[in-house]
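Visitor: Starting off with a structure, shown below.
Residue numbers (full-length UniProt numbering): 1 to 174.
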């Protein structure tokens, strides 16, 4: 991003912090696809991803005044979204357990392309922290240092876990 684009973005953020809905909408429009892609890989279902993004955006708008640094808006949004995805996944897990106890099966599996299914299965085989790190990196475009700050981890630890997680995915796909 150029200095001009950074300055324009920071001005939008300052306006959004003062309650300017149009400014916030423009900020949101710039990263919507990335937010949705991240949420979809975390929650695994389009409707859950849309819900997570919607809730995260509402929460972000309501809490804009808590954003300390204008330049960290994007990572702040992804952190809010990550927390919202975890909340939805916990609720989904509780619902699955309740339905299983009641003898009702999960929602029907949607038809997928074979390759996408294999990648999805490899991604799902990762533990939650590995999935989060890979999702932030691959779908959010974050560097290890940024992910480390968002997850309150050491950057070297994030790099190591990301490397191992990607190797697990490669192995599963071969």
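Glycine included, C-beta positions come from ideal geometry on N, C-alpha and C.
(1) Considering only residues of the same chain and omitting the five flanking positions on each side of residue 26, which have a CB-CB separation below 8 Å?
(2) From residue 172 to residue 20, what distance separates their C-alpha atoms?
(3) Taking the alpha-carbon positions, what's the residue 109 to residue 154 distance?
(4) For residue 139, which residues of its own chain have a beta-carbon under 6 Å away from its beta-carbon, when the five flanking residues on both sides are left out?
(5) Is the beta carbon of residue 52 sitting closer than 7 Å to the one on residue 84?
(6) Once DSSP output is grouped into helix, strand and coil, what is the label at residue 125?
(7) What three-state label does DSSP hand residue 118 in the structure shown?
(8) According to DSSP, is residue 149 part of a helix, a strand, or is it coil?
(9) Buried or exposed: residue 111, going by 16 or more other Cβ atoms within 10 Å of its Cβ?
(10) Apart from the five residues on each side of it in sequence, which residues of its chain come closer than 7 Å, Cβ to Cβ, to residue 167?
(11) Would you mind working out which of 158, 17 and 149 sits nearest residue 59, comparing C-alpha positions?
(12) Do you know offhand how far residue 156's Cα is from residue 68's?
Guide: The relevant details are as follows:
(1) Within the chain shown, the letter at position 26 stands for residue 26. If we look at residue 26 and ignore the five residues flanking it on each side, its Cβ neighbours are 12.
(2) Sequence index remark: in the chain shown, residue 172 carries index 172 (1-based). Sequence index remark: in the chain shown, residue 20 carries index 20 (1-based). Going from the Cα of residue 172 to the Cα of residue 20 covers about 47 Å.
(3) Translated into positions along the chain shown, residue 109 becomes position 109. Translated into positions along the chain shown, residue 154 becomes position 154. Low confidence applies here, because residue 109 scores a pLDDT of 48, under 50, leaving its location unreliable and the question unanswered by this model.
(4) Taking the first residue of the chain shown as 1, we reach residue 139 at position 139. 37, 38 and 41.
(5) Here residue 52 refers to the residue found at position 52 of the chain shown. Here residue 84 refers to the residue found at position 84 of the chain shown. Yes. Within cutoff.
(6) Against the chain shown, residue 125 aligns to sequence position 125. Coil.
(7) For the purposes of this step, residue 118 is identified with residue 118 of the chain shown, where counting begins at 1. Correct three-state label for residue 118: helix.
(8) Translated into the one-based positions of the chain shown, residue 149 becomes position 149. DSSP places residue 149 in helix when its eight states are reduced to three.
(9) The residue given as residue 111 occupies position 111 in the chain shown. Residue confidence for residue 111 is low, a pLDDT of 47 falling below 50, so the modelled location carries little weight; the figure read from the coordinates is stated next. Exposed, by the Cβ-count rule.
(10) Reading the chain shown from its first residue, position 167 is the one you call residue 167. None.
(11) Mapped onto the chain shown, residue 59 falls at position 59. The shortest C-alpha separation from residue 59 is found at 17.
(12) The residue you call residue 156 lines up with position 156 of the chain shown. The residue you call residue 68 lines up with position 68 of the chain shown. So the two alpha carbons sit approximately 25 Å from each other.
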